[in-house]
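Q:
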Amino acid sequence: MESRKRFSLSRIAGITLVLLALGMVSAGAQTVKIASIAPEATPWGEGLNRMAAEWSQITNGRVRVRVFHGGVAGDEQDFVRKIRLGQLQGAAVTTVGLTTVVPELWGMVMPGVIESDEELNYVLASLEEDLDRSFRDEGYEILTWSNAGWLKFFSTQEIRSPEDLGGLKVATGDFVEDINEVMRGMGMQPVPLSSPEILSGLNSGLIDSVLYAPLGVAGFQWFGVTNQMLDLPVAPFFGAIYIDERTWRRIPEQYHEELMESAERIGVEIESKLAGLEEDALELMQEYGLEIISISAQQEDQWYEVFEQKRDELNSSYFDNDLISKMTDLLDEFRENN
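In the UniProt record's numbering, the protein residues as written are 1 to 338.
1. From what residue to what residue does the beta strand (DSSP E) around S155 run?
2. Return helix, strand or coil for residue 339, following the three-state DSSP convention.
3. Excluding five sequence neighbours on each side, which residues of the same chain lie with their C-beta closer than 7 Å to the C-beta of E271?
4. Going by the beta-carbon positions, is the gap between M110 and M327 smaller than 8 Å?
5. Just verifying my parser: in three-state terms, what is the DSSP assignment at P196?
6. Using CA atoms only, rank isn't needed, just tell me which of P192, N121, G167 and E163 is closest to E177.
7. Taking just the CA atoms, how far does Q309 sit from residue 399?
8. Check whether the Cβ atoms of L143 and I293 sit closer than 8 Å, and answer yes or no.
9. Report yes if the CB atom of T100 is closer than 8 Å to the CB atom of E76, and no otherwise.
10. Return the first residue and the last residue of the alpha helix (DSSP H) that D332 is part of.
11. Going by DSSP in three states, T31 sits in which element: helix, strand or coil?
12. Considering only residues of the same chain and omitting the five flanking positions on each side of F7, which have a CB-CB separation below 7 Å?
13. Would you list the residues sitting across from Q189 in a DSSP beta bridge?
14. Going by beta carbon distance, what residues of the same chain come within less than 8 Å of L330, once the five residues before and after it are set aside?
15. For D244, count neighbouring Cβ atoms within 10 angstroms of its own Cβ and tell me buried if that reaches 16, exposed if not.
16. In chain order, what residues of the same chain have a beta carbon less than 6 Å from the beta carbon of V182, not counting five sequence neighbours either side?
17. Quick one: Cα of M188 to Cα of W44, how far?
18. For F223 versus I198, is the C-beta spacing smaller than 8 Å?
19. DSSP three-state call for Y242: helix, strand or coil?
20. Can you give the Cα-Cα distance for E54 and A38, rounded to whole angstroms?
21. Please state whether DSSP places M260 in a helix, a strand or coil.
22. Grouping DSSP H, G and I as helix and E and B as strand, with all else coil, what is V102?
23. Closer than 8 Å by C-beta to E258: which residues in its own chain qualify, once you throw out the five before and the five after it? Chain order, please.
24. On the three-state DSSP scale, how would you describe residue 359?
25. Among S36, T42 and P236, whose alpha-carbon lies nearest the alpha-carbon of F153?
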């Protein structure tokens, strides 16, 4: 009888220790909520899901990433606000979510500042430490950068030269006023519309043009109305995944390097897939009537000269900082050597 009692007590003690251990593992698990405006069935959505799985595996379940796809957590400005409130811990963002944190970045995406993928990649690689530091100063840790394409003019009318912009009504939503001023200086009429409002604006005649990445135009199906695309890279459309620095510091440092490598690899994969998808999207839109207007190198130079002139007239505060001064020097250096 006494031995059975001791056996029962030892079993209870064993079960208790197991439960306590499980409780300690559960208590030690850290949940990281990351939001994105991209739908789940996109390179961004799929990449974030892979990152969530890899981070859990790398940390043996100590870090659990929950991804909120498709804008269910709001828009990118909402993401920033919710990160500051602790309701989110990170986000996959485009230019809007980046410039909300570091407004100086608007200087990189002003029309005509950066003219090619090669220039963008050179600038991002050269300024990566400076950019990361700028975000760290604001309380964010950049996990990976990714080039998401280029903003291009889509319109109901043919556009070949800057003079063709006169009188066109272009949708603007998250652009800063300085970019709108550049457009006004070129004769366009900026109309403040968010992405969900643009299709009805096109159908009603409120606007007749958009400055947007081709993948977005295809996804929102605006090309049914704006069936003319000027094949001119106007401004880069890049993105990043960032995480609240307080959250990053709470993750054991022993995992940092491997977690960062995971995010960087996934960022490269996202960029590669987006490039392929853009080509497919352009081919599909052409099948449905999109006309792509090609121009000569001389005509491109004319566009960039006008962009520069309008930026100089603006005297934007976004160009008056060390980060953009470094970028300008890098662009001059790259263009001299290429």
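Don't be surprised by glycine CBs; every beta carbon is placed ideally from N, CA and C.
A: On the basis of the data shown:
1. Y140 to S155
2. The structure shown does not extend to residue 339, since the chain spans only 1 to 338, so no value can be given for it.
3. S146 and N147
4. no
5. P196 falls in the helix class under three-state DSSP.
6. P192
7. Because the chain here runs from 1 to 338, residue 399 falls outside it and cannot be looked at.
8. no
9. yes
10. D322 to N337
11. strand
12. With a pLDDT of 45 at F7, under the threshold of 50, the predicted position of this residue should be treated as unreliable, though the coordinate-derived value follows. Counting only residues of its own chain and dropping the five nearest sequence neighbours on each side, F7 has no CB closer than 7 Å to any other CB.
13. K169
14. If we look at L330 and ignore the five residues flanking it on each side, its Cβ neighbours are Y122, V123, S126 and L127.
15. By the neighbour-count rule (16 or more Cβ atoms within 10 Å), D244 is buried.
16. P111 and K310
17. 32 Å
18. no
19. Reduced to three states, the DSSP call for Y242 is strand.
20. The straight-line gap separating the alpha-carbon atoms of E54 and A38 is approximately 20 Å.
21. helix
22. coil
23. Shown here for E258: same chain residues with a beta carbon closer than 8 Å to its own, the five before and five after excluded, namely I58 in chain order.
24. This structure gives no information on residue 359, because the portion of the chain shown stretches from 1 to 338.
25. P236
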